[in-house]
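Positions in the sequence shown are counted from 1; adding 14 to them yields my numbering.
Just so it is clear, CB atoms sit at the ideal spot from N, CA and C, and this is done for glycine as well.
The structure displayed is predicted, hence computed values, not measured ones.
Quick notes on the structure that follows.
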Amino acid sequence: MNSKLSRYWDLEKHGTNPRIELIAGITTFATMSYILVVQPNMMADAGMNPRGVMLATALMSAIFTLVSAFYSKMPFALAPGMGSNAIMAYNLVAAGHTTWQVGVAMFIVTGVILALLTVMGVREDMIRVMPRNIKVGIGAAIGIMIARLGVKNSGMVKPDFSGAGDFSDPRVQLALIGLLITLVLHFVQFGKDGKTFKIRGSMLISILLTTLIGIPMGVVKMPASIFSVDFNSLKEVAFQPDLKGVFTLQMLPFIAFFLFGDFFSTMGTALGLAGKAELLDKDGNLPGIGRVFMTDAIGTAVGGVFGITNVQTYVESASGIEAGGRTGMTAFFTAMMFLVAIFFAPLFMMIPSAATAPVLLLLGCSMLQVLKNVSFGDEDWVPLALMILITAFTGDFVLGTAVGVVSAVLIGFLVSVFTQDKSRMPTWGTVIMALVMSIKFFIL
């Protein structure tokens, strides 16, 4: 059985093995398990049953990460996306614009539209016309976003990035201890018989050690029970969407936001992760990305039926890739962890953000290495630099990408006109893509 799965994912070709993929899968889960706490808390503010939301989140994340494993064959994990969930919970429902039943129904509509665009090849066409430097370097913007999240979660800076955090806070102190552990485990090397060995699974080990240290520090609380499941609560959030309430003029801006955000977030994340895993071709494209898009689209639609927000590829998958994961087997093991979490949620909920923040910070730094493959000529570098800087200062990856693509088209046009070099003129496809992405400047 093991050999069949190894051949299915072609582990030998990708220079990996089941043990590496297992460690990578668990590492990915450990860095993204926070969604099992964050999603229920947000949706509770929207009036939903948090236990039911937790079960739906774990179940949908497991199912569509499995789809990613066997259909896309990529080391990508999926779960409800951060950003859209906050907009739905607070700007839409808590603000009194509509009910949560209408809110989750909007993701069904969004998912169906995304699936249709994928079938029509529109999403893959957008990838092909994107400037190569943006495609290759987009992993750096993803890295900046991951590092930004790590710094914020560590508490070393204030939530609004207006200054340093409170270093007398035990949670911040634990994050600093975790950062030290992460750096030591990641860079320590052992020599034997002329060969150098590094610690496999260093990020996962760091998360576990930091969590254990957090217990005597009072940051980590031991649960009353490690086993807890209430399937009846799932009924209170699943199969409750109100599709009739979606199709109103008031809801159109929100549909546009969710559609636009998921469209380009998945595109950028997939390219960034693939760049880190060295899966891109010479033109900066990802073979088989259509399957990644379809998994994302169907996951969003089905997720809405089960009462959760858009399901998308998670940037935290980069932690598994850093741990050596290269195939769908990594995603398979991540999915298994989500299934286990359904029954042992309190145990997994022990992991504090102070334990995962150092890993995210180091991971973000690591992803900046994709810049070694980009062009540093002014015409190519400036749009990429703008994308990275906008992402860094705003935390909005989609906005950063939009600025990068639009500026690339503008610069390409100016260079072509003033140098009479028609080869620098952006193609119509790239211009259309820039126009579509510029919508981001006018919506939420």
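If distances are taken between C-alpha atoms only, which option among the options comes closest to residue i?
{"i": "A355", "options": "V412, K18, Y22 and I40", "result": "I40"}
{"i": "H111", "options": "T314, T441, L449 and V260", "result": "V260"}
{"i": "V52", "options": "I322, K212, E393 and V450", "result": "I322"}
{"i": "S522", "options": "L377, E330, K386 and L80", "result": "Since the first residue shown for the chain is 15 and the last is 458, residue 522 is missing from the structure and cannot be characterised."}
{"i": "F390", "options": "D183, N147 and I446", "result": "N147"}
{"i": "L374", "options": "T196, D435, M265 and M56", "result": "T196"}
{"i": "V233", "options": "S182, T210 and S242", "result": "S182"}
{"i": "D392", "options": "I425, C379, M364 and F175", "result": "I425"}
{"i": "M96", "options": "R438, M56 and A422", "result": "M56"}
{"i": "M68", "options": "N246, S333 and L106", "result": "N246"}
{"i": "M364", "options": "F90, I227 and I312", "result": "I227"}
{"i": "P89", "options": "M439, G286 and S452", "result": "G286"}
{"i": "M350", "options": "A60, M144, A238 and L92", "result": "L92"}
{"i": "M144", "options": "G443, K454 and L377", "result": "G443"}
{"i": "G125", "options": "G169, I312 and V419", "result": "I312"}
{"i": "A422", "options": "A406, I446 and P237", "result": "I446"}
{"i": "I37", "options": "L222, L449 and A448", "result": "L222"}
{"i": "M231", "options": "V150, A189, I49 and N299", "result": "A189"}
{"i": "F362", "options": "V107, S86, A288 and I240", "result": "I240"}
{"i": "R33", "options": "D180, T344 and A109", "result": "T344"}
{"i": "M401", "options": "R438, L248 and G157", "result": "G157"}
{"i": "I49", "options": "N387, T370 and V396", "result": "T370"}
{"i": "A161", "options": "S98, P440, T405 and M120", "result": "T405"}
Helix, strand or coil: how does DSSP classify residue i here?
{"i": "T210", "result": "strand"}
{"i": "S242", "result": "strand"}
{"i": "Q53", "result": "helix"}
{"i": "L92", "result": "strand"}
{"i": "A178", "result": "strand"}
{"i": "T112", "result": "coil"}
{"i": "V419", "result": "helix"}
{"i": "V396", "result": "helix"}
{"i": "G66", "result": "helix"}
{"i": "V126", "result": "helix"}
{"i": "Q187", "result": "helix"}
{"i": "W204", "result": "Position check: residue 204 holds Phe in this sequence, whereas Trp was assumed. Strand at F204."}
{"i": "V171", "result": "strand"}
{"i": "Y104", "result": "helix"}
{"i": "S47", "result": "coil"}
{"i": "D276", "result": "helix"}
{"i": "P267", "result": "helix"}
{"i": "D59", "result": "helix"}
{"i": "S247", "result": "helix"}
{"i": "E260", "result": "Contrary to the premise, residue 260 reads as Val rather than Glu in this sequence. DSSP places V260 in coil when its eight states are reduced to three."}
{"i": "W442", "result": "helix"}
{"i": "G409", "result": "coil"}
{"i": "S389", "result": "coil"}
{"i": "A284", "result": "helix"}
{"i": "E470", "result": "Outside the displayed span of the chain (15 to 458) sits residue 470, for which this structure offers no information."}
{"i": "D139", "result": "helix"}
{"i": "F253", "result": "coil"}
{"i": "M134", "result": "coil"}
Return the CA-CA distance between residue i and residue j, expressed in angstroms with no decimal places.
{"i": "I127", "j": "Y104", "result": "24 Å"}
{"i": "F346", "j": "F432", "result": "52 Å"}
{"i": "K172", "j": "M62", "result": "29 Å"}
{"i": "V123", "j": "M159", "result": "28 Å"}
{"i": "L14", "j": "G208", "result": "Absent from the structure is residue 14, since the part of the chain shown begins at 15 and ends at 458."}
{"i": "G186", "j": "T314", "result": "The sequence as given places Val at residue 186; Gly does not occur at that position. Distance between the alpha carbons of V186 and T314 is about 35 Å."}
{"i": "I229", "j": "A58", "result": "27 Å"}
{"i": "V202", "j": "K212", "result": "6 Å"}
{"i": "T113", "j": "I269", "result": "15 Å"}
{"i": "M217", "j": "E138", "result": "33 Å"}
{"i": "K166", "j": "T225", "result": "18 Å"}
{"i": "T327", "j": "S17", "result": "28 Å"}
{"i": "D505", "j": "G66", "result": "Past the edges of the chain, shown from 15 to 458, lies residue 505, and the structure says nothing about it."}
{"i": "L199", "j": "L377", "result": "13 Å"}
{"i": "K454", "j": "G282", "result": "15 Å"}
{"i": "L353", "j": "V118", "result": "23 Å"}
{"i": "S452", "j": "G418", "result": "10 Å"}
{"i": "G169", "j": "A332", "result": "22 Å"}
Any heavy atom of the ligand MG within a distance shorter than 7 Å of the CB on residue i?
{"i": "I312", "result": "Ligands are entirely absent from the displayed structure, and the ligand MG is therefore not among its contents."}
Q: Mind the definition here: the region 332 to 344 touches the region 285 to 292 only if three or more C-beta pairs lie below 8 Å; say whether that holds.
A: Cβ pair count under 8 Å is three or more, so yes.
Q: Please determine if the region 41 to 49 and the region 23 to 32 are in contact, where contact requires at least 3 C-beta pairs separated by less than 8 Å.
A: The region 41 to 49 vs the region 23 to 32: no contact.
Q: Spell out a yes or no on whether the region 308 to 322 and the region 123 to 138 are touching, meaning 3 or more CB-CB pairs, one atom from each, closer than 8 Å.
A: The region 308 to 322, when compared against the region 123 to 138, does touch it at the 8 Å Cβ threshold.
Q | Length at least 4, wholly inside the region 304 to 384: the alpha helix (DSSP H) runs in chain order | A | Counting only runs of 4 or more residues that sit fully inside the region 304 to 384, the alpha helix (DSSP H) segments are 331 to 336, 342 to 357, 359 to 362 and 367 to 381, in chain order.
Q: Say whether the region 275 to 283 touches the region 407 to 418, bearing in mind that this needs 3 or more beta-carbon pairs closer than 8 Å, one atom from each stretch.
A: Contact between the region 275 to 283 and the region 407 to 418 is present: three or more C-beta pairs spanning the two stretches fall below 8 Å.
Q. Should the region 382 to 397 be called in touch with the region 241 to 257, which here means at least 3 C-beta pairs below 8 Å?
A. With the rule of 3 Cβ pairs closer than 8 Å, the region 382 to 397 does not count as touching the region 241 to 257.
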